[in-house]
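With my numbering, letter number 161 in the sequence shown gets 1103, and the count goes up by one each step, no holes. We put the beta carbon where it would ideally sit given N, CA and C, even for glycine. None of these values were measured; they are calculated from a predicted model.
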Amino acid sequence: MCLRNCGKETLKYPFGSGPGCGDPRFQPHITCNQQKLTFTTHTGSYPITSIDYSNQVMYISDPTMSTCSCTLPSKGFGLDWNAPFSFDDSTIFALVDCSMNSSSICKTRSYDDGSNSKLQCDQNTQICDVMYSCRPSSININLPISTCCVYTPVNLGPSFDMDLDKLQCSSYTGFYNYNDQQVDPQKWNYGIALKYKFSVTNDYPSSCDACEKSYGFCGYSEVYNSFLCNCPNGINTTTDCFFTSSYNHGFRN
């Protein structure tokens, strides 16, 4: 039986509570364990804080991410190349405490034609100006940040990976739906916003739509990954739950 909730989070297609529920492309990356919804990549496991089904955006937090009140060492963040997710346009990454002398992102590269490559990390931003004003909650453990730069591209390049060891940075912070009028970094939305798609064309599956209208939950056969509709009475069908309802009613008569 597919669960319709994981903790306080409502589950809808393409997400599911376990194998056989939701979309099979999402199942390896999304798990519901002990009523906690989690997103997993090669860089770690991250709590899912909320899902905006209308705009197809999932919000996650990273326990190793630095915020205005707490600076933490981190290895970075990355998406698996085959995961059906991309970074939402509202996501902003800022790298913290980088080695300004040796880190490749802090240097421009000169070409034979006299042009220079664009810096991958911009230090001259309002975001960093505000970040420098942060005062950690425990000065004995967390020191104010020494450097800050906003990292581009937002998609982290072809590898979808932010390797802080390679970039020679101690940590990073991420936030979404940034408003440049909000000058209090304590009130920023810390975390990462990830966009997801139903398919290449992003069309909602008609079979799933019919299943949900009959009060079923969209799932799949674990053997063939073919569509199944998980009905409230525990029966799986390849269409919708209206058939099982009428069948059971007729059988009882």
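Within 8 Å, strictly: CB atoms of residue i and residue j
i     : j     : result
I1069 : I1034 : yes
C1076 : L1037 : no
C963  : F1159 : yes
D1039 : C1111 : yes
N1144 : G1161 : no
Inter-residue spacing [alpha-carbon to alpha-carbon] between residue i and residue j
i     : j     : result
A1152 : G1116 : 38 Å
G986  : Y995  : 24 Å
Y1118 : P1127 : 12 Å
Q1123 : F1019 : 27 Å
G1176 : C1183 : 10 Å
S1057 : Y1138 : Only weak support exists for where S1057 lies, its pLDDT of 42 falling under 50; the coordinates are left without a value.
Q977  : Y1166 : 28 Å
T1013 : W1130 : 15 Å
Y988  : T1179 : 33 Å
First and last residue of the uninterrupted beta strand (DSSP E) at residue i
i     : result
V1165 : Neither: V1165 is in no beta strand (DSSP E) and is coded neither H nor E.
C1040 : I1034 to C1040
D994  : G986 to D994
G1020 : G1018 to G1020
First and last residue of the uninterrupted alpha helix (DSSP H) at residue i
i     : result
C1070 : Q1068 to M1073
D1151 : S1148 to K1155
K1108 : L1106 to L1109
Where residue i sits in the DSSP three-state scheme
i     : result
C1010 : coil
F1140 : coil
K1129 : helix
C1247 : Since the displayed the chain opens at 943 and closes at 1195, residue 1247 lies outside it and no answer follows.
C1183 : helix
M943  : coil
Residue i versus the options, residue with shortest Cα-Cα distance
i     : options                      : result
F1140 : E1154, E1164, C1173 and D965 : D965
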